[in-house]
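Student:
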Amino acid sequence: RYEEAIEAYEFAFVINEKFEFAYRDCAEICFELKKYRKALRYYSEVLEHFAPDHDLLLRIGQCHQLLHHFGIAKSFFERALRLDPMNDEVFFHIGECLAQEGDFENAIKLYLKAIRIEDRREEYFASLAKTCDRLGRTDEAEQYFRQATEIAPESTEYWTQYAEFLMRQSLFEQALEVLLEAEDYSVGPELLYGQITCLFALGRRQEALLTMEVALEEDFPLHIHLFHQLPELKDDPEVLAMIAAFQPY
Numbered sequence: 010r011y012e013e014a015i016e017a018y019e020f021a022f023v024i025n026e027k028f029e030f031a032y033r034d035c036a037e038i039c040f041e042l043k044k045y046r047k048a049l050r051y052y053s054e055v056l057e058h059f060a061p062d063h064d065l066l067l068r069i070g071q072c073h074q075l076l077h078h079f080g081i082a083k084s085f086f087e088r089a090l091r092l093d094p095m096n097d098e099v100f101f102h103i104g105e106c107l108a109q110e111g112d113f114e115n116a117i118k119l120y121l122k123a124i125r126i127e128d129r130r131e132e133y134f135a136s137l138a139k140t141c142d143r144l145g146r147t148d149e150a151e152q153y154f155r156q157a158t159e160i161a162p163e164s165t166e167y168w169t170q171y172a173e174f175l176m177r178q179s180l181f182e183q184a185l186e187v188l189l190e191a192e193d194y195s196v197g198p199e200l201l202y203g204q205i206t207c208l209f210a211l212g213r214r215q216e217a218l219l220t221m222e223v224a225l226e227e228d229f230p231l232h233i234h235l236f237h238q239l240p241e242l243k244d245d246p247e248v249l250a251m252i253a254a255f256q257p258y
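The opening position of the sequence shown corresponds to residue 10 in the working numbering, with each subsequent residue numbered one higher.
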């Protein structure tokens, strides 16, 4: 019922255009709905009529970041830092902008600053790992992927990222071990599809096909991950036949 909530807040603006919390709450709802341009409209109203705080500047920066306006985003993050110089989220988001712009060395410096302030945020370590990987610093990348999984072992996302990092180096045995370890803490079809990729790559075809039946039954659309992780499976007749057999009508 988010859309109804937005309508209610917009009615509140008509009654009282200085109703700060209505603007903020409406902007937050739009942000959660990924309507970043609309969220910016409401955040900008708050910025125009009320004293800015670091949370507001951070949120405006995030909207611009998600719209790929990296220069504008960084300017708002820098304003937020002036109000709160020890805000780890701001350092992290500046790092994300720099990484998107291809400035990987400086992105790493910003991620490390964020981690020095707050070292229990798994997304910080995951972004740091991916950026180290982009620079070919694979030993560091593996260390940081491992730390992300240790902070949030219940999240399949970070286990999958870690395993795919190993797959890209053709370390399929290690990747399979990571995915099996993940099952002690987390559940999800992503883990199964990753295991299937590893089993095929290791020549354990029958195991792969049996596991694939389970995965397709559990979450058919995710089978596309197999082709991203091991492109040669796109031309495997047995794999394609099994996918066709499970294709929903």
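Ideal placement from N, C-alpha and C gives every residue a C-beta, glycine not left out.
(1) Flag this pair as yes or no: are the beta carbons of L121 and I103 separated by less than 8 angstroms?
(2) Can you grab the Cα-Cα spacing for the pair L249 / M176, in whole Å?
(3) Closest to R68 by CA distance: which of D97, A36, P94 is it?
(4) Nearest to H73 by CA position, among K44, D228, A60, T147, is which residue?
(5) May I have a chain-ordered list of the alpha helix (DSSP H) segments no shorter than 4 residues that lie completely inside the segment 151-209?
(6) Report all residues from its chain with a CB closer than 8 angstroms to the CB of C141; omit the five preceding and five following residues, and keep chain order.
(7) If you count every other CB in all the chains shown that lies within 10 Å of the CB of P198, and 16 or more means buried, which is it?
(8) Where does L219 sit, in a helix, a strand or coil, going by DSSP?
(9) Under a three-way DSSP split, which group does E29 fall into?
(10) Given this structure, state the Cα-to-Cα distance separating R213 from E105, to the nearest angstrom.
(11) Please list, in chain order, all residues of the same chain as A17 whose beta carbon is under 6 angstroms from its beta carbon, the five residues on each side excluded.
(12) Check the C-beta distance from L242 over to C207 and give it rounded, since I have them as a contact under 8 angstroms.
(13) Whole angstroms are fine: how far does the CA of H58 sit from the CA of T158?
(14) Compare the beta carbon distance of S136 and E163 with 8 angstroms and say whether it is the shorter of the two.
(15) Residues in its own chain within less than 6 angstroms of V23 by CB, not counting five upstream and five downstream?
(16) If the criterion is Cβ atoms closer than 8 angstroms, does the pair G70 and A48 meet it?
(17) Closer than 7 angstroms by C-beta to Y133: which residues in its own chain qualify, once you throw out the five before and the five after it? Chain order, please.
(18) Checking 8 angstroms against the spacing of the C-beta atoms, do F79 and E110 come in under that value?
(19) May I ask you to report which of helix, strand or coil DSSP gives Y51?
(20) Taking only runs that begin and end inside the segment 61-101, name each unbroken alpha helix (DSSP H) of 4 or more residues, in chain order.
(21) Output needed for L92: all residues of its chain with C-beta closer than 6 angstroms, excluding positions within five of it in sequence on either side, in chain order.
(22) Out of curiosity, what's the CA-to-CA distance linking E222 and M251?
(23) What are the boundary residues of the alpha helix (DSSP H) that includes K139?
(24) With 16 as the cutoff for other CB atoms within 10 Å, does A191 come out buried or exposed?
Tutor: A quick look at the data gives this:
(1) no
(2) 22 angstroms
(3) A36
(4) K44
(5) 165-177, 181-191
(6) I117, T147, E149, A150, Y153
(7) buried
(8) helix
(9) helix
(10) 39 angstroms
(11) Legend: pLDDT at A17 = 49, less than 50; position of this residue unreliable, value from coordinates given subsequently. Excluding residues within five positions, none has a Cβ falling inside 6 angstroms.
(12) Contact doesn't hold; Cβ gap of about 12 angstroms is too wide.
(13) 43 angstroms
(14) no
(15) Reliability fails at V23, whose pLDDT of 45 lies under 50, so the model's placement of it is uncertain and no value is given.
(16) no
(17) F101, Y120, A123, I124
(18) yes
(19) helix
(20) 63-75, 79-92
(21) H63
(22) 8 angstroms
(23) 131-143
(24) buried
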